[in-house]
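Let me begin by presenting the structure, written as C-alpha cells, before commenting on it.
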DNA sequence: TAAAAACCTACTAAAATTATAAGAAATATA
DNA sequence: TATATTTCTTATAATTTTAGTAGGTTTTTA
C-alpha cells in the first residue's frame, strides 16, 4: 500500500517546476541537484509527464522543462495516476467494466471500490499550487520563530 | 499502491470465519478449500491474526479456528493494518513521531498524512459484519432475479 | 497410539522496484 | 559549421518484495 519512488519523485519534480514557474526552463540537472535525486533515474520518469503534455520540453543547449499549465491546474491525483500507473488498491479494479467472473458474488468488491474512490477524491482535492503555497507559509513560520 | 495477497487473503479468511461464526471451529483446510487459496500459504498468514487475539485456535484432532469476537467488532482496517504491516502510503509515516530530518521543510508531508488518514478512516468504517451482510443481501437479489 | 490438526522455520521462484549505462537526436551559440 | 549541452531512448543490473513450497514438530482427541 505504498506510493513508489516513481510517483514521489515525479511529484517532487513537479513541485520544483511549480516553484520556478514563469522563471523559464529548468534543466533536469538542476531539478535533480535541487531535489537530491539521481538525474539518470529522473530521465526515466519525466518522459511520462512530458508525453502526456504536463510539461513543455526543449532539447539542446539552454533547453529544459517547464510546466505546460498553471500550478493550480494540476492535482496530485493526476500526477500520481500517471506515474504510478493507477491508484487502484486491487488489480481487479484496473479495467472497467470489471472483468472478474466472480465480481457479482465478491464480498469485498464494494470495499475496494470505496477505497479507490476516497483515495482518488482526496488526491484530486490537492493541487500543486496548494503544495507550493503551504511550503511558502511554512518557511515563513520558520522565520517568525 | 496495492493491497497484497497477504492482506486480501487474511480478509477473505476472516469473512469465511464470520460467515461460520457460532458454528464451531473451522479447520484451515476447510477455509483454504472454500476460498480456493493454498493452505500452505494461509498457514503463514493466519498466525499473525492468531497472535493478536483476533482468533481462538485449538490444536489437534477436531481443532481449528474461530473468531474471538463478534463480526461487528472487527474493522477491515484492523485486519489490514495487522497483515499488511501498516497502511502508510510512504514509509516516513511509519514511525511516530516522524524521525525524518527534513520533516519540517517537507512540502509533501501533510499530503501523505492526509492520505493516510482518509484511508484509515474509510477502512475502519467497515466491519466484517458489513461485508457478510452485504453478501447475504446480494445472494438474495440473485434469487429474485 | 494413531490420526488430525495447528505451529514453525527455511527455502525458492518470479516479479517489481530502483536504479545505471551508453549512446542517439536536437538545438542554441561561438 | 563545430561544439557543447540538453533531451530522448533503450538496455541492463542489483536489490527487495511478493507469493508461494517444503518438510518437519507439537498438540490433542478419539
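Protein chains in written order, with our numbering: chain E, 9 to 153; chain D, 9 to 153. Note that the Cβ used here is the ideal one computed from N, Cα and C, for glycine as well. Computed from a predicted structure; not experimentally measured.
Test: residue i CB closer than 9 Å to a CB of chain E
| i | result |
| --- | --- |
| residue 112 of chain D | yes |
| residue 38 of chain D | no |
| residue 87 of chain D | no |
| residue 139 of chain D | yes |
| residue 152 of chain D | Any reading at residue 152 of chain D needs caution, since the residue's pLDDT is 45, under 50, leaving its predicted position unreliable; the model's value is listed next. With 9 Å as the cut-off, residue 152 of chain D does not count as an interface residue toward chain E. |
Buried versus exposed call for residue i [16 or more other C-beta atoms within 10 Å across all chains shown]
| i | result |
| --- | --- |
| residue 59 of chain E | exposed |
| residue 72 of chain E | buried |
| residue 69 of chain E | exposed |
| residue 129 of chain E | exposed |
| residue 51 of chain E | exposed |
| residue 32 of chain E | exposed |
For residue i, the first and last residue of its enclosing beta strand (DSSP E)
| i | result |
| --- | --- |
| residue 66 of chain D | 63-66 |
| residue 77 of chain E | Here residue 77 of chain E belongs to no beta strand (DSSP E), and DSSP marks it neither H nor E. |
Residue i - containing alpha helix (DSSP H), residue span
| i | result |
| --- | --- |
| residue 125 of chain E | 117-132 |
| residue 48 of chain E | 47-59 |
| residue 88 of chain D | 84-92 |
| residue 14 of chain E | 13-27 |
| residue 42 of chain D | 36-43 |
Per-residue contacts from residue i into chain D (C-beta, under 7 Å)
| i | result |
| --- | --- |
| residue 97 of chain E | 9, 10 and 11 |
| residue 84 of chain E | 119 |
| residue 134 of chain E | 119 |
Any chain D beta carbon closer than 9 Å to residue i
| i | result |
| --- | --- |
| residue 123 of chain E | yes |
| residue 78 of chain E | no |
| residue 92 of chain E | yes |
| residue 146 of chain E | yes |
| residue 31 of chain E | no |
| residue 73 of chain E | no |
| residue 59 of chain E | no |
Proximal residues of chain E, C-beta to C-beta of residue i below 7 Å
| i | result |
| --- | --- |
| residue 19 of chain D | 116 |
Chain-ordered neighbours of residue i on chain E, where CB pairs are closer than 8 Å
| i | result |
| --- | --- |
| residue 143 of chain D | 113 and 115 |
Heavy atom of the ligand GDP within 8 Å of residue i beta-carbon
| i | result |
| --- | --- |
| residue 74 of chain D | In the structure shown, the ligand GDP is absent, as is every other ligand, since no ligand is present at all. |
Per-residue contacts from residue i into chain D (C-beta, under 8 Å)
| i | result |
| --- | --- |
| residue 130 of chain E | 122, 123 and 126 |
Interface partners of residue i on chain E, CB under 9 Å
| i | result |
| --- | --- |
| residue 23 of chain D | 115 and 116 |
Under 9 Å from the C-beta of residue i: neighbouring residues of chain D
| i | result |
| --- | --- |
| residue 67 of chain E | The contacting residues do not exist; residue 67 of chain E stays about 29 Å from chain D at best. |
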